[in-house]
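Accompanying notes for the structure given below.
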Amino acid sequence: MKNKYWKLILLTFTAGYLLSSCYKEFDPKTYAPPFTINGFSSVSQIKHDNLVGYWAFEGSYIDSVSKTAATGVGTSFVNGFEGQAMKGALNGYVIGDVSNDIANMHSFTVSYWINTPINAVGTVGTVCISRTDDFWGNLDMYYENGGTAATAIFKTHVNNNGQSAVATARISKPWDTWMNVTVTYDETTSSIITYINGSSIGSFKQTNFGPLTFQNATNIIFGTSQFQTTPSLGTAGGPQTWASYLTGMMDEVRIYNTVLTPSEISTMVILQGKGK
Numbered sequence: 009m010k011n012k013y014w015k016l017i018l019l020t021f022t023a024g025y026l027l028s029s030c031y032k033e034f035d036p037k038t039y040a041p042p043f044t045i046n047g048f049s050s051v052s053q054i055k056h057d058n059l060v061g062y063w064a065f066e067g068s069y070i071d072s073v074s075k076t077a078a079t080g081v082g083t084s085f086v087n088g089f090e091g092q093a094m095k096g097a098l099n100g101y102v103i104g105d106v107s108n109d110i111a112n113m114h115s116f117t118v119s120y121w122i123n124t125p126i127n128a129v130g131t132v133g134t135v136c137i138s139r140t141d142d143f144w145g146n147l148d149m150y151y152e153n154g155g156t157a158a159t160a161i162f163k164t165h166v167n168n169n170g171q172s173a174v175a176t177a178r179i180s181k182p183w184d185t186w187m188n189v190t191v192t193y194d195e196t197t198s199s200i201i202t203y204i205n206g207s208s209i210g211s212f213k214q215t216n217f218g219p220l221t222f223q224n225a226t227n228i229i230f231g232t233s234q235f236q237t238t239p240s241l242g243t244a245g246g247p248q249t250w251a252s253y254l255t256g257m258m259d260e261v262r263i264y265n266t267v268l269t270p271s272e273i274s275t276m277v278i279l280q281g282k283g284k
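Residue numbers (the working numbering): 9 to 284.
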């Protein structure tokens, strides 16, 4: 009788312990539905088939789409917006061969995260698709001189078969903080739109600009303009006294050969903010 009594106590204790262990290990987050916005739960789901370039800067300068490795000149890796980021420097930049898919874009979306101090000593190029037979590249995205502590002057120059279009936007509170910069060009409207943190801040239309035709596009550059590289690309003949280099950080560069919609751009920014 006594043995039965102790067996009952032991059985009760064991069941209680197992129940307690299961209760403590239960995590309600594992049962929560995945975060979605506008039907997307990950940035990789947005226009996946149109993604022609992606640089995550996770310890390398490789383009994850074309598998083409770029070279860092005076740059390094630091903690970034997501994982690691490229850290620029005076006389520093990243340069690689441009893929055929990027060189042959007719429309585009370029998106990246950036955290940089004011460009006090010259223009600062962020993304450049080179053009070997001209002063400027086929695509130049850069901070223009003349900005203030409160406002940046941001320009996008696009070359189309020898003709140029330049869009200018003013960014409020742009320095020393992470922000998303996205620029689109739409061949059907001949319009360049600049977005900051998912919201449009400016639109420019070049009449009858149409589908893009880049000429002599050989390299893609992050952190400066084509004439600031060594050796200098294009026809400038060398570095310019009014131009400089990105000394801040750059992360999560994506290039699409199509125009992302305003909804897709804001969704991308929100998902990236959540590490998705």
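Backbone N, C-alpha and C fix where the C-beta goes; we use that ideal spot for every residue, glycine too.
Problem - First and last residue of the uninterrupted alpha helix (DSSP H) at Asp259 - result: From DSSP, Asp259 is part of no alpha helix (DSSP H) but of the beta strand (DSSP E) over Met257 to Tyr264.
Handout entry: Simplified DSSP state of Leu27, which is helix, strand or coil
Key = Any reading at Leu27 needs caution, since the residue's pLDDT is 41, under 50, leaving its predicted position unreliable; the model's value is listed next. In the structure shown, Leu27 sits in a helix (DSSP, three-state: H, G or I).
Practice task
For Phe48, I'd like the list of residues in its chain whose CB is within less than 7 Å of its CB, leaving aside the five on either flank, ordered along the chain.
Solution key: Cβ-Cβ distances below 7 Å link Phe48 to Ile54, Thr275 and Leu279 in the same chain, with the five nearest sequence neighbours on each side left out; the list follows chain order.
Handout entry: Closest residue to Val166 among Phe89, Ala160, Phe212 and Asn153 (Cα-Cα distance)
Key = That would be Phe212, whose Cα lies nearest to the Cα of Val166.
Exercise for the section: Identify, in the order they occur along the chain, each residue of the same chain with its Cβ nearer than 6 Å to the Cβ of Gly154, setting aside the five sequence neighbours on each side. Expected result: Scanning its chain for C-beta atoms nearer than 6 Å, with the 5 sequence neighbours on each side dropped, one finds around Gly154 the residues Ile161, in chain order.
Problem - Neighbourhood of Ser240 by C-beta, 8 Å cutoff - its chain only, sequence neighbours within 5 removed - result: Hits under 8 Å: Gln234, Gly246 and Pro247.
Practice task
Entirely within the stretch 162-203 and at least 3 residues each: give me those beta strand (DSSP E) ranges in chain order.
Solution key: Qualifying beta strand (DSSP E) stretches, in chain order: 171-180 and 187-194.
Handout entry: Below-8 Å beta-carbon distance, Ser50 vs any chain C residue
Key = Of the protein chains in the structure, only one exists, and it is not chain C.
Practice task
List the DSSP bridge partners of Ile70.
Solution key: Per the DSSP secondary-structure output, Ile70 pairs in a beta bridge with Ala77.
Handout entry: Residue environment, Ala77, which counts as buried when at least 16 other CB atoms sit within 10 Å
Key = Classification of Ala77: exposed, given that the 10 Å Cβ count is below 16.
Problem - From Arg139, Thr79 and Ala157, residue whose alpha carbon lies closest to that of Ala225 - result: Taking each of Arg139, Thr79 and Ala157 in turn and checking the Cα distance to Ala225, the smallest one comes out for Arg139.
Handout entry: Alpha carbon of Ala111 to alpha carbon of Thr164, nearest angstrom
Key = If I take the Cα positions, the gap works out to 17 Å.
Problem - C-alpha gap between Thr83 and Lys282, whole angstroms - result: Pairing Thr83 with Lys282, the inter-Cα distance amounts to about 27 Å.
Exercise for the section: Can you give me the Cβ contacts of Val277 inside the same chain, cut-off strictly under 7 Å, excluding the 5 residues immediately before and after it? Expected result: Excluding residues within five positions, the ones whose Cβ falls inside 7 Å are Asn188, Asn205 and Gly206.
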